[in-house]
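J.:
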DNA sequence: ATAAATTATTAGGCATGCCTAATTTTATAT
DNA sequence: ATATAAAATTAGGCATGCCTAATAATTTAT
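Structure representation (C-alpha cells):
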C-alpha cells in the first residue's frame, strides 16, 4: 500500500502529464503540491525505487504502468467522492475538493467500485472531469462548454470549471445550479458574450468567460 | 487539528474509560493500539502538553473536557461511517470496522452532521453501539440482547455484537440478517439456550452465547 | 561565449511516531 | 522484609517527509 504522500505525488505527476507538459520537473511538481523542490527530489528517488515512476534529469518524471494504475485509482476515488459529497451530502462546489483530497486516500479493495455503484456509475464529476472506470478507462469526451452551444439550442448545466467564490455567488444570484436549463438566444460576435435564458425566466447577457466556465450535457 | 495518531490515542483512552478500568495505564493503551508502551509514554506527554489529557503515573490517563470532546467526535464519525458502509454501500459487518477506522479521521467541520442527516439520524451503529449526537450526547440505553426478550415476544435484529467470521457465517446459514424478525418460543433453563422462530420459518434452538450476540430493537 | 538567472541536487536538520534495550519504579509473592 | 515480577520510563535509533542553505548544473540573455 502506498502512503498518502506517495499517492499525492503520483496524482500530481499524472495531472501534469495530462496538461501535456513536455517535461515534468521537480519544480513543477513542487509548485503543484505547494512544497519545496528539494523535498520533491527526495520523493522522486523513492518513487523510482518503487518502480512507480522513471526519473531522469533530462526527461523529467514519467509514470510507469504501475504508477499510472495507482494514479488513476486515486483520481477515480477523488472524483467519485466529489460526486458523493455534492449529490448526497449537499456540499457546494467549492467545498468538495478539499474533502475529496482526504477521502481519495482511503484504502479498501472494493470501496471505489461500491461507491461507483451506489452513485449510479456517474461518468463525470461535478467539475466536468471524467471519472475513470473500474478498468482504468477514461472517457476523453469532455462535456461541452456552454459557449459551444449553437444559438437557439438548449441545454442543462452539468458542471462548472471555475469554483471561485465570486463565480459561485454570481451563479447563485442568477439562479443557476446543476440541472438548470439554459437556452442560448444569441451570440454577440463583438466580445463573444452570450444572451441566454435561465429556465423560463429572464433573458440575460453573460460574458465569454462565463460561457467557458459552465459545462453542459 | 489533530493527527490521526493523536485521535487514535484519544479514542483508545475514551474506550478504556467506558470499560470502567480504574486506571488507564500506558500498558493498557499499548495493548489496545497494538504498539509499544514506550511509544505510549511519549504520546501521553504530547497529549498532556496539548491539554487533551491529564496523566499521572498513579492515576493513569484521563481525558480533559477538550480531549473528551475530540474523542466523542471521532467515535461519532466512526459509527456514522459504519452505518454508511453497511447500509449504503452494502458491506458486510466484518468489513466495515477497518474502513471506518480510516474514515473517522477525515476532517471537515460539517461532515459528521451532513452524513448524519443523509443517513436519517441513526441512533445506533451496526454493532449496536449508540452514535453520539451532534451536541455530544450519547444514548445510554443500549439495544437489548435477544436473550432478554421474554418468551412469546417478537423482535427484529438490529445489530450484532460479535463480528467473527464464524458467527456471521452461522447467521447467513440461518437466514438471519439485519431486520430479520425473530420470535422467542421458549427459554431453556438448563443451559440458557433459546428456541426461536426465524421469520415465518423453522423453529430452531440457539445457544445462550448466540442470544447475547444479537441485539434487537 | 560568457554572465546572469533559473533549476536541480546535496547536505544537514527537524517533527512525528514508532521501535528496542536498559533502567527505574511499583506491585506481588513468599 | 525481601526477592521477584511487572510496569513505567529513559535513552538512543530509525523511517517518513518535510525544511533551509549551499552548491552544481543547466538555461537564457546579452
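Protein chains in written order, with my numbering: chain A, 23 to 239; chain B, 23 to 239.
For every residue, glycine included, the Cβ atom is placed at its ideal position computed from N, Cα and C.
Measuring straight from C-alpha to C-alpha, what distance separates residue 187 of chain B and residue 38 of chain A?
T.: The alpha-carbon atoms of residue 187 of chain B and residue 38 of chain A are separated by roughly 45 Å.
J.: Any residues in the stretch 133–152 of chain B with a beta carbon nearer than 9 Å to a beta carbon of chain A? Which ones, in chain order?
T.: Taking 9 Å as the Cβ-Cβ cut-off against chain A, the residues of the stretch 133–152 of chain B that qualify are 133, 136, 137, 139 and 140.
J.: Are at least three pairs of beta-carbons, each pair with one atom in the stretch 81–92 of chain A and one in the stretch 121–129 of chain A, less than 8 Å apart?
T.: With a cut-off of 8 Å, the stretch 121–129 of chain A and the stretch 81–92 of chain A do not count as touching, because too few Cβ pairs lie within range.
J.: Go ahead and label residue 232 of chain A buried or exposed: buried means 16 or more other beta carbons lie within 10 angstroms of its beta carbon, across all protein chains shown.
T.: Buried is the call here.
J.: Taking 6 Å as the cut-off, is the CB of residue 105 of chain B close to at least one heavy atom of the ligand NAP?
T.: You won't find the ligand NAP in this model; it holds no ligand whatsoever.
J.: What's the C-alpha gap between residue 202 of chain B and residue 129 of chain A?
T.: So the alpha carbons of these two residues sit roughly 31 Å apart.
J.: Which first and last residues belong to the alpha helix (DSSP H) in which residue 30 of chain B is found?
T.: First-last of the alpha helix (DSSP H) with residue 30 of chain B: 26–40.
J.: Going by beta carbon distance, what residues of the same chain come within less than 7 Å of residue 73 of chain B, once the five residues before and after it are set aside?
T.: For residue 73 of chain B, where only same-chain residues beyond five positions count, the Cβ hits under 7 Å are 86 and 88.
J.: Judging by CA-CA distance, which residue of B/224, B/143, B/162 and B/204 is the nearest neighbour of residue 174 of chain B?
T.: Residue 174 of chain B has its Cα closest to that of B/204, out of B/224, B/143, B/162 and B/204.
J.: If I measure Cβ to Cβ from residue 151 of chain B and keep anything under 7 Å in the same chain, skipping five residues before and after, which residues do I get?
T.: For residue 151 of chain B, where only same-chain residues beyond five positions count, the Cβ hits under 7 Å are 101.
J.: By alpha-carbon positions, which one of A/209, A/239 and A/234 ends up nearest to residue 226 of chain A?
T.: Checking every option, the nearest Cα to that of residue 226 of chain A belongs to A/209.
J.: Do you know how far the Cα of residue 171 of chain A is from the Cα of residue 179 of chain A?
T.: Near 12 Å, if we compare the C-alpha coordinates of residue 171 of chain A and residue 179 of chain A.
J.: Along the chain, which unbroken stretches of the beta strand (DSSP E) at least 3 residues long are found entirely within the stretch 126–186 of chain A?
T.: Within the stretch 126–186 of chain A, the complete beta strand (DSSP E) runs of at least 3 residues are 176–182.
J.: For residue 54 of chain B, which residues from the same chain have a beta carbon less than 8 Å from its beta carbon, with the 5 sequence-adjacent residues on both sides left out?
T.: Closer than 8 Å at Cβ, skipping near neighbours: 34, 37 and 38.
J.: Tell me the DSSP bridge mates of residue 77 of chain B?
T.: Partner(s): B/83.
J.: So is residue 176 of chain A buried or exposed if we call it buried at 16+ other beta carbons inside 10 Å?
T.: Flag for residue 176 of chain A reads exposed.
J.: Go ahead and label residue 211 of chain A buried or exposed: buried means 16 or more other beta carbons lie within 10 angstroms of its beta carbon, across all protein chains shown.
T.: So residue 211 of chain A counts as exposed.
J.: Roughly how many angstroms lie between the CA atoms of residue 141 of chain B and residue 106 of chain B, to the nearest whole one?
T.: Looking at the two C-alpha atoms, the distance is approximately 7 Å.
J.: Quick one: does residue 121 of chain A have its CB under 7 Å from some CB of chain B?
T.: Yes, contact with chain B.
J.: On a CA-only basis, which of B/75, B/167, B/98 and B/157 is nearest residue 127 of chain B? Give me that one, please.
T.: Closest option to residue 127 of chain B, Cα to Cα, is B/98.
J.: Rounded to whole angstroms, what is the Cα-Cα separation between residue 135 of chain B and residue 117 of chain A?
T.: C-alpha separation (whole angstroms): 15 Å.
J.: In the DSSP assignment, what are the bridge partners of residue 204 of chain A?
T.: Beta-bridge pairing links residue 204 of chain A to A/177 and A/220.
J.: Along the chain, where does the beta strand (DSSP E) containing residue 225 of chain A start, and where does it finish?
T.: 225–228 is the extent of the beta strand (DSSP E) around residue 225 of chain A.
J.: Do you know how far the Cα of residue 50 of chain A is from the Cα of residue 56 of chain B?
T.: Distance between the alpha carbons of residue 56 of chain B and residue 50 of chain A is about 40 Å.
J.: With a threshold of 7 Å between beta-carbons, can residue 46 of chain B be considered close to chain A, or not?
T.: No, no contact with chain A.
J.: DSSP state of residue 237 of chain B, grouped into three classes?
T.: Three-state DSSP puts residue 237 of chain B in a strand.
J.: Nearest chain A C-beta to residue 124 of chain B closer than 7 Å, yes or no?
T.: For residue 124 of chain B, the answer is yes, since a Cβ of chain A falls inside 7 Å of its Cβ.
J.: So with Cβ pairs under 7 Å, would you call residue 130 of chain A a contact of chain B?
T.: With 7 Å as the cut-off, residue 130 of chain A counts as an interface residue toward chain B.
J.: For residue 235 of chain A versus residue 184 of chain A, is the C-beta spacing smaller than 7 Å?
T.: In this structure, residue 184 of chain A lies closer than 7 Å to residue 235 of chain A by Cβ.
J.: Do residue 104 of chain A and residue 148 of chain A have their C-beta atoms within less than 7 Å of each other?
T.: Yes; because the gap between Cβ atoms is below 7 Å, this pair is in contact.
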